[in-house]
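What follows is a short report on a single structure.
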Amino acid sequence: MELVDSGSLVLDLGCGDGSLLEMLIAEKGVKGFGLEKDLQEINKCLAKGISVIDANLDQGLTQFRDKSMDYVILSLTLQALKQPHETLRDIIRVGKKAIISFPNFGNIFVRLYLLFRGRMPKSKFLPYEWYDTPNIHFCSVKDFIGLCQKEGIKIRKKIFLRKFNRKILGFMPNLFSYVAIFVLE
0 MELVDSGSLV LDLGCGDGSL LEMLIAEKGV KGFGLEKDLQ EINKCLAKGI
50 SVIDANLDQG LTQFRDKSMD YVILSLTLQA LKQPHETLRD IIRVGKKAII
100 SFPNFGNIFV RLYLLFRGRM PKSKFLPYEW YDTPNIHFCS VKDFIGLCQK
150 EGIKIRKKIF LRKFNRKILG FMPNLFSYVA IFVLE
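Numbered by numbering that gives the first Met the number 0, the letters in the sequence shown go through residues 0 to 184 in order.
In structure tokens:
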């Protein structure tokens with residue numbers, strides 16, 4: 000929330016029920032709308048008065064002009080995209096700034112779960128079985144940084160969260176963070 004300036008124009012990709020946009024509109028006075036492909040989630044947005052476009056991110060963001068948004072947000076959705084690198088290019092093209100968050104599949108919990116149980120991890124944060132998960136690209140902090148370097152994307156800020164949203168100050172974030180948040184340009 001503190002990453003978005005008041006009064007900004009915000010596009011929330013994979014916005015779900017619109018909760019993030021609702022909060023940003025109420026607390027930061029942003030103008031915002033979302034993109035969502037799930038009809039039930041779209042209806043929840045509309046019930047809250049959130050503007051939403053029925054669209055599949057995997058089909059690109061061709062309907063948006065370059066740098067037409069102050070912020071493009073992709074919150075906990077990157078790992079569910081078919082071509083995350085192409086979507087990331089589109090996000091950088093459309094937004095003056097991008098805020099990307101994703102579950103860090105390189106953290107110690109995932110590693111130890113696999114090591115000792117020999118199974119894909121399942122938890123409150125990762126509640127799916129391996130066969131029904133929407134997560135199709137398992138990415139670590141280091142993987143994402145590498146992708147940004149390869150694509151020439153500037154990382155302006157990194158925030159790493161542990162359980163219960165406690166920030167990590169940067170000590171071995173690939174190993175200890177559950178969620179990574181990046182501000183990009």
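C-beta atoms are modelled at their ideal positions from N, C-alpha and C, and glycine is treated no differently.
| message | What ranges does the beta strand (DSSP E) occupy inside the stretch 93-133, keeping only unbroken runs of at least 3 residues that lie completely in it? | response | 94-102
| message | What does the alpha-carbon distance come out to for the pair residue 37 and residue 160? | response | 28 Å
| query | By Cβ distance, which residues of its chain are closer than 6 Å to residue 180, with the 5 residues on each side in sequence left out? | reply | 100 and 158
| field | Element boundaries [beta strand (DSSP E), containing residue 179] | value | 178-183
| request: Starting from the N-terminal side, write out each stretch of the beta strand (DSSP E) that is 3 residues or longer and does not extend beyond the stretch 21-74. | output: 30-35, 50-53 and 68-74
| Between residue 105 and residue 141, which are expected to be in contact by the criterion C-beta below 8 Å, what is the C-beta distance as a whole number of angstroms? | 6 Å
| task | Alpha carbon to alpha carbon, how far is residue 146 from residue 47? Give it in angstroms, no decimals. | result | 36 Å
| query | How far does the alpha helix (DSSP H) with residue 144 in it reach, from first residue to last? | reply | 140-150
| said: Below 8 Å on the Cβ atoms is my contact criterion, and I expect residue 150 with residue 56 to pass it. Report the Cβ-Cβ distance as a whole number of Å. | reply: Not quite, the Cβ-Cβ distance comes to about 17 Å (not below 8 Å), so this is no contact.
| said: On a Cα-Cα basis, can you pick out the residue from 143, 95 and 164 that is closest to residue 3? | reply: 95
| Using the C-alpha atoms, what's the distance from residue 162 back to residue 74? | 17 Å
| task | Would you please state the rounded distance, in angstroms, between the beta carbons of residue 31 and residue 11? I believe it to be under 8 Å. | result | 6 Å
| field | Own chain, CB closer than 8 Å to residue 108, minus 5 neighbours either side, in chain order | value | 120, 122 and 177
| field | Residues bridged to residue 159 (per DSSP) | value | 167 and 179
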